[in-house]
Amino acid sequence: MPLKESEAIVLRTYPFRESDLLVTLFTRLEGKVRGVARAAKKSRRRFGGALEPLTYVKVTYEDRERQELARLDACEVLESPLASEVTYQRAVALGHVAELLDELLPDREANDAVFRLGVSVLSHLRGTEYWLPITYFDLWMARLMGYLPDISECLTCGRALNGSRAFFHALADGLVCPEHKRLASSEMSAESRKMAALMLKLPLSAVDPASFAKLPGADLRKFLLQTLERHIEKKLVTRGMLERMTC
Amino acid sequence: MSRFAEPMARLIDELKKLPGVGSKSAQRLAFHILRSSEEDASALAGAIHEVKASLRLCSVCNNITDVDPCVYCSSPTRNQRLICVVEEPTNIAAVEKTRHYNGVYHVLHGSISPIHGVGPEQLRISNLMKRVEDEQADEVILATNPTVEGEATATYLSGQLRRAGLKVTRIATGIPAGSDIEYADEITMLKAMEGRREL
Ligand SMILES: [Zn+2]
Ligand SMILES: [Zn+2]
């Protein structure tokens, strides 16, 4: 079978058989692909650090007759997360990006918008500012997966939420007005809603991190992650770690 | 119905649970055990039983040991104030191979891995902090793997340990000895440049 070449983001690796690695990649060419890197555990020479999760790479792989797993031929680092200091907070942020991409994307289905989002967020996760890239990523993943309704109006009555309080519930989509709020709802602040509207209009590089630092947006992230968890019917492992992360 | 007598099928099933052992290998091993002498078979069974009955973690360093404290922690010839932190007990053998390290160890039993839900709370860090707080250390060497998880673990520990005001060092990473820099990937080369030393 012909060799395929694509840009990709390494999502996860697992030890496989004696000395191989099973690698989940998000490729630009055909979405999420699982492949085997032969002898990658024993000899680091062939793949080097290229198979570390969240490395942006150029990968060459080959599909095999009647087999689900591709064979990884080569992997070249375009950008490595190890090039900047890996603090605990940064590791949690990177793990969160990998988990969402792995859990939300279907196998072998290209998604160029999500790919570009992923690469952009990874490059913004080089510094010490995590909350803006993470919140931007959560928001756009919800949007690009089609799970985000219009948050400028009450989902029950359609009234504009501009100037009014807005609420959300773990078991329902979207935001509602005070009149239609359910028991045990959480509130999303007007600042967070304004920030979300802004982030949906601008590329990540154009959002001012200084304006965001004052608005941690914990309510917005809670709303987004509840929405995503409801759609994948699964708890996200990194959600609790993000919530416990204080700085 | 199984092709083997029940005790044989049971042995094959147990052997198949071992890492890297498939059906074929399990059958081969089971027949080898069946043909071996009574003493050899008992010795194998006894060794397996004993490893579970007598091994535990060292209360000082978390290394796997049959005596507590372990041989390193109770050695009078080792520098007990120099502590090398590793992810797994098997990493100790790699450091010992150098025959140039005379300090002691601390085993974390893992590394920080957010995607697997492993944070600092899940690692064995508390008895390391206790050793440091009790002023039983001059230097801590962080010898976790040069991976994202190992780096995150080292950065986290160095933050905690520096507060206690002792010397914290990280093992160097970079070009393997006997290789050619021409074949080093960019991240290995970058780490090698960062870890350079004055001659
Ligand atoms: Zn309403
Ligand atoms: Zn010990």
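Note that the protein sequences, when read in sequence, are chains W and L. One point on numbering: in the working numbering, the residue at position 14 of the first sequence is 14, and numbering is uninterrupted. One point on numbering: in the working numbering, the residue at position 70 of the second sequence is 317, and numbering is uninterrupted. Even glycine gets a Cβ: it sits at the ideal position worked out from N, Cα and C.
Please report the Cβ distance between V351 of chain L and I359 of chain L, rounded to the nearest whole angstrom; I am assuming they are in contact, meaning their Cβ atoms lie under 8 Å.
Contact doesn't hold; Cβ gap of about 23 Å is too wide.
Is it right to say P393 of chain L is buried, meaning 16 or more other beta carbons lie within 10 angstroms of its own, or is it exposed?
Within 10 angstroms of the beta-carbon of P393 of chain L lie 16 or more other beta-carbons, which makes it buried.
Whole-angstrom distance between E380 of chain L and Y319 of chain L, CA atom to CA atom
Y319 of chain L and E380 of chain L: Cα-Cα distance of roughly 20 Å.
For the pair the stretch 417 to 437 of chain L and the stretch 371 to 387 of chain L, tell me if three or more CB-CB distances fall below 8 Å.
Result no; under three Cβ-Cβ pairs closer than 8 Å.
Three-way DSSP call (helix, strand, coil) for G364 of chain L in this model:
Looking at G364 of chain L - three-state DSSP - the assignment turns out to be coil, as it is neither helix nor strand.
Are the stretch 111 to 127 of chain W and the stretch 78 to 85 of chain W touching by the rule of at least three beta carbon pairs closer than 8 Å?
Between the stretch 111 to 127 of chain W and the stretch 78 to 85 of chain W, the count of Cβ pairs shorter than 8 Å is three or higher; the stretches touch.
Threshold first: 3 residues or longer. Then list the beta strand (DSSP E) segments lying entirely within the stretch 255 to 340 of chain L, N to C.
List check, beta strand (DSSP E) in window: 326 to 333.
For ligand 2, list every residue whose C-beta falls under 6 Å from any of its heavy atoms, going in chain order.
This criterion selects L:C305, L:V307, L:C308, L:N310, L:P316, L:C317, L:Y319 and L:C320.
Going by other Cβ atoms of all chains shown within 10 Å of its Cβ, with 16 needed for buried, is I232 of chain W buried or exposed?
Under this definition I232 of chain W is an exposed residue.
By the three-class DSSP mapping on this structure, what secondary structure does H353 of chain L have?
Reduced to three states, the DSSP call for H353 of chain L is strand.
Applying a beta-carbon distance threshold of less than 9 Å, which residues of chain W neighbour V307 of chain L?
Residues of chain W whose Cβ lies closer than 9 Å to the Cβ of V307 of chain L do not exist; the shortest such Cβ separation is about 25 Å.
At a cut-off of 7 Å, would you count C177 of chain W as near ligand 1, judging by its Cβ distance to the nearest heavy atom?
At least one heavy atom of ligand 1 is nearer than 7 Å to the Cβ of C177 of chain W, so yes.
At a Cβ cut of 9 Å, what residues of the stretch 40 to 61 of chain W count as close to chain L, listed as they run along the chain?
Those residues of the stretch 40 to 61 of chain W that come within reach of chain L (Cβ to Cβ, closer than 9 Å) are R44, R45, F47, G48, G49, A50, E52, P53, L54 and T55.
Please report how far the alpha carbon of T434 of chain L lies from the alpha carbon of E243 of chain W, in whole angstroms.
This sequence places Ile at residue 434 of chain L; Thr is not what is there. Rounded to the nearest angstrom, the two C-alpha atoms are 31 Å apart.
Between the C-alpha atoms of I259 of chain L and R282 of chain L, what's the straight-line distance to the nearest angstrom?
Cα to Cα, I259 of chain L sits roughly 14 Å from R282 of chain L.
Any Cβ of chain L within less than 8 Å of the Cβ of R12 of chain W?
Taking Cβ atoms only, chain L reaches closer than 8 Å to R12 of chain W, which makes this a yes.
Relative to the C-alpha of A431 of chain L, which candidate in W:R17, W:G49, W:K4 and W:F26 has its C-alpha closest?
That would be W:G49, whose Cα lies nearest to the Cα of A431 of chain L.
Of the choices W:L132, W:A142, W:W131 and W:T87, whose alpha-carbon is the least far from that of V114 of chain W?
Per the Cα distances, W:A142.
Ligand 1 heavy atom lying under 7 Å from the CB of H353 of chain L
Look at H353 of chain L: its beta carbon is at least 7 Å from all of the heavy atoms in ligand 1.
Short Cβ contact (8 Å threshold) for I151 of chain W with R193 of chain W:
Yes, the Cβ-Cβ distance between I151 of chain W and R193 of chain W is below 8 Å.
Assuming Y403 of chain L and Y88 of chain W are in contact, meaning their beta carbons sit under 8 Å apart, how far apart are those beta carbons, in whole angstroms?
With a Cβ gap of about 4 Å, Y403 of chain L and Y88 of chain W count as contacting.
Taking Cβ-Cβ distances shorter than 7 Å, what residues in chain L pair up with A83 of chain W?
Under the 7 Å cutoff, chain L gives I434 and L437.
State yes or no: is the beta carbon of S80 of chain W nearer than 8 Å to at least one beta carbon in chain C?
Absent from the structure: chain C. Protein chains present are W and L.
Nearer than 7 Å: is that true of the beta carbon of C75 of chain W relative to any heavy atom of ligand 1?
For ligand 1, not one heavy atom lies less than 7 Å from the Cβ of C75 of chain W.
Alpha carbon to alpha carbon, how far is V342 of chain L from R378 of chain L?
For V342 of chain L and R378 of chain L, the distance between alpha carbons rounds to 21 Å.
What would DSSP say about P15 of chain W, mapped onto helix, strand or coil?
Strand, per DSSP.
Shortest alpha-carbon distance to T60 of chain W belongs to which of W:E68, W:L171, W:V36 and W:N162?
Checked all of W:E68, W:L171, W:V36 and W:N162; the closest Cα to T60 of chain W is W:V36.
Under 8 Å, do V395 of chain L and A93 of chain W count as touching if we go by C-beta distance?
Annotated as distal: V395 of chain L and A93 of chain W, with beta-carbon spacing of 8 Å or more.
Report the three-state DSSP secondary structure of V33 of chain W (helix, strand or coil).
It is a strand residue.
Confirm the yes/no value for this check: CB of T156 of chain W, any heavy atom of ligand 1, distance under 7 Å.
Yes - ligand 1 has a heavy atom lying nearer than 7 Å to the Cβ of T156 of chain W.
Could you tell me if the beta carbon of R410 of chain L falls within a distance shorter than 7 Å of some heavy atom in ligand 1?
Relative to ligand 1, R410 of chain L has its C-beta separated by 7 Å or more from all heavy atoms.
Would you list the one or two residues that DSSP bridges to M376 of chain L?
Answer by DSSP bridge pairing: none, since M376 of chain L is not bridged.
Boundaries (first-last residue) of the beta strand (DSSP E) holding V77 of chain W
Run containing V77 of chain W: A70 to E79, per the beta strand (DSSP E) assignment.
Since M436 of chain L is in the alpha helix (DSSP H), which residue starts that stretch and which ends it?
From DSSP, the alpha helix (DSSP H) with M436 of chain L extends over E433 to E441.
Coarse secondary structure for R417 of chain L, derived from DSSP in three states
Correct three-state label for R417 of chain L: strand.
C-beta contact flag for N310 of chain L and N374 of chain L at 8 Å:
In this structure, N374 of chain L does not lie closer than 8 Å to N310 of chain L by Cβ.
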